[in-house]
Structure formats: C-alpha cells, structure tokens
Amino acid sequence: MLLAVLASGPAHGYAVITDLHQRSGGAFDLPEGTVYPALHRLERAGLLTSSWEPGTTRRRRVYALTAKGHRSLAAERKQWKVFAGGVNLVLAGAS
Amino acid sequence: MSDPIDDYLDALLFRLLDDPSRNYDDAAAIRRAVAESEDHLRETQRVAMAGGTGDVAAAQLAVERFGSVDDVAGRFRRSGTGRSDLTLGSVARTLWLMTGIGFVAIGISGVVAEVFGEVWGQAFVAADLPGVTYTPARCAQYAQLAPGHATCEQAATAHHFGEVVQYRVAAGVLGLLILLAYRVWVHLTRRRGRSTALVPATLLETAGAALFGVAAAALLLISVGQEASGMSAGSGAYLSAGLVSLLMTGTFALLLVRSASRMDHQVPDSSE
C-alpha cells in the first residue's frame, strides 16, 4: 500500500500517511509512527529511495519508488487482483 | 510545563538506544528515525493548531496519533534501525567476547574451588582416587612440590589442589585481559566510526545458555556420579566448575527471556 501511495510521486512520510488515510476512506487509521519503520524496511529492501528535502526549515525526508519498487508494486497489484477475484467468486457463491 | 512531543522523542530515543545488540553503525539510522518522528509530530501539531487547537493539546494529539513509544520503537528495531546483523565480523567479535567470558568463568570456578578446599578440605577438590600408590621417587617429588605434609597422599593432594586453583585463576586473569583488550578495541573502533556490532542478542544469549548449559550438565553429572559411587575424592573440582557453569547458564537464560519478551511486544506491520 505504501508503494501504491508513492507510485504517484515522491512524498515525505506525513504526506504518505495522510494520503493512505484518505485513499482508504479512513479504513487504514494506523498509528502514524508505525509507518516510518515500514518505509525504512522497504528502503532497505531496495524498493524505495529517500533523501533529506533541501530548503525546508525542519529536516524532512522524501521517499520515492525505485525501479525495483515499481516492479514489486506491479507484481503485488496483479497478485491482489487474482486473490480478490477468487474471494469475490467464493463470496458470490456463498450468497 | 514540559512539551509532550519533546517527552515522546526523549523516550523514543532512549528505547532505540537501549538495546545491547545495537549496531554502532546504526547511530545515523537512529538519529534519522528521531528526526523523522519529530518532523511528523511537529507537522501534526501545526495542522491541529491551524484548526484552532491549543499548542499543548495539539502536541498531545500528535503524540497520541503517532502510537505508543514501545510499539514504534519496536517496529523501528525490526526495520533494522539499531539491530545487529549476522556477518562474519559480528560472529568474530562475538567469539572474542565469549572467549573472554568463558575464561573469566573458569577463573571464578577456581575461586569457588578454593572456597570448597577451605570448607571441606583440599581432598574434596583434588585428591587422587582411592588405591593410587606412589613410587618413592614420585613421593619425593610431591614432598618437594608441597612440603610440610606427613604423607605422600597429603602432599599429592596439596599439589593437585594448588594446580586446580592456580591454573583456573590464571585462566580467569587471561579472560579479564581478553575482555579488557576487547573493551579498548571497541572504544578505539567506535572513535573511528566503524562497526563493533555483535550477533543479534537472542542468538548470542541462546548460544551462551546452550554452551554453558551443556558444560554445567556434564560437570555436575560427573560430580554427582563420583559422589554416588563413593569416590568423592576430587569431585569438588567438577562441582565448582559445574556450579559456575550453571550460574552462567542462568544469566544467559535471563537475558534471553528479556530479549524475547521485547520481541513479543512488537506487532507485525500491516501497512506495507
């Protein structure tokens, strides 16, 4: 999900969390501090890159998808569509 | 009145630093985690204040939305911030440290053996087995090595006892020197900004508990076996080493439980 949020362009952590909250219609109301460790782990996995944003009064780090991150996101989207399609078929059959 | 955000950041920093397996290379990562957290908290406060909330209430709101210090610090640790990796270097450094600890444990067992000798007699620690005979030449040798004893058996026991205690204490001194060298190396290496990380804490503690546990079981079994078979002479040597090994096993086990309970408090991430 974090990869999907960042697919639209680089963003700092606060914007990522706000966007995630808005895009999910408020469904993903996570403790905000837990998103940064997740961003760090994705960066260590090579899916994201980050750098301190120049010209700001406070130190602010901006995250962006790497090429590997884009490929991972595409693969996860495909996998999710297959999974969600399967769940929909099962639920439709049950009703 | 203290600022809730400052208090939160102080607590977060403390928790991130409070990890015995912390990799010194991760000092920058810890600093980054705190800086990002501060930026986020101040931004949340700013937005709340723009909406009409008072500054302290806005800071409190930002802290509440950020999550508990335990949860956030735990997740930062799992993400790699402040966490050691299993590398050739970390394994070598751990072996260095464990070698020093092992030798110090042997030294402590020498002190325990000395106490056993004082309390139950030197024969309990270092007597020859029953039925051993001494040639006149060997007897003379013992009399020379441990003078002032009435019989060859007493002189042999005194000599063996001295060996048990002195060799072990010497090993302990060697262990202290190894640990001192390690400490100096860590100090100098950190000043150069290079890694002094050990293997992950749980692995170190598991290995320590397992190694000392096996040693304790073997030594105590031999000691008890000797006592049970009526050959108590010399069983104190095994008993003293076994008890120290048992103490070390307990120490490593306690550290392992502490590390494991920390990991239990870390909830899996769901946002990725």
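Here the protein sequences come in this chain order: A and B. When we follow this note's numbering, the leftmost residue of the first sequence carries the number 986, and every step to the right adds one. When we follow this note's numbering, the leftmost residue of the second sequence carries the number 395, and every step to the right adds one. C-beta atoms are modelled at their ideal positions from N, C-alpha and C, and glycine is treated no differently. Given the structure is predicted, the values throughout are model-derived calculations rather than measurements.
Can you find a CB in chain A that lies within less than 8 angstroms of the CB of Val-466(B)?
Chain A contact via Cβ: present.
Per DSSP, what kind of secondary structure is Leu-1033(A) in: helix, strand or coil?
Looking at Leu-1033(A) - three-state DSSP - the assignment turns out to be strand.
Buried or exposed: Ser-993(A), going by 16 or more other Cβ atoms within 10 Å of its Cβ?
That one is exposed.
Of the residues Ala-421(B), Ala-422(B), Val-428(B) and Ala-423(B), which one's Cα is nearest the Cα of Ala-405(B)?
Ala-405(B) has its Cα closest to that of Val-428(B), out of Ala-421(B), Ala-422(B), Val-428(B) and Ala-423(B).
Using a Cβ-Cβ distance under 8 angstroms, would Tyr-999(A) count as near chain B?
True, the Cβ-Cβ gap to chain B drops below 8 angstroms.
Please classify His-543(B): does DSSP put it in a helix, a strand, or coil?
Coil.
When the distance is taken between beta carbons, is Gly-1018(A) closer than 8 angstroms to Phe-646(B)?
The answer is no: Cβ separation not under 8 angstroms.
Using 8 angstroms as the threshold, is the C-beta distance between Gly-644(B) and Phe-510(B) below it?
No.
Quick check on this structure: which residue in Asp-433(B), Met-492(B) and Gly-483(B) has the alpha carbon closest to the alpha carbon of Ala-603(B)?
Answer by Cα proximity: Met-492(B).
Identify whether Tyr-561(B) lies in helix, strand or coil by the three-state DSSP scheme.
Of the three classes helix, strand and coil, the one that applies to Tyr-561(B) here is helix, per DSSP.
Alpha carbon to alpha carbon, what distance is there between Ile-399(B) and Gln-454(B)?
Each residue's alpha carbon lies about 7 angstroms from the other.
Around the Cβ of Ala-1077(A), are there at least 16 other Cβ atoms within 10 angstroms (buried) or fewer (exposed)?
Ala-1077(A) comes out exposed.
What residues of chain B sit near Gly-1018(A), judged by a beta carbon separation below 7 angstroms?
Within 7 angstroms Cβ-Cβ: Ser-431, Phe-460, Gly-461 and Val-466.
Which chain B residues sit within Cβ distance under 9 angstroms of His-1006(A)?
Going along chain B, no residue has its Cβ under 9 angstroms from His-1006(A), so there is no contact; the nearest lies around 10 angstroms.
Quick one: Cα of Ala-1069(A) to Cα of Ala-1059(A), how far?
Looking at the two C-alpha atoms, the distance is approximately 15 angstroms.
Please state whether the Cβ-Cβ distance between Ser-503(B) and Ser-617(B) is less than 8 angstroms.
No, the Cβ-Cβ distance between Ser-503(B) and Ser-617(B) is not below 8 angstroms.
Which residues does DSSP list as the beta-bridge partners of Val-1090(A)?
Residue numbering for chain A in the displayed model covers 986 to 1080; residue 1090(A) lies beyond these limits and cannot be assessed.
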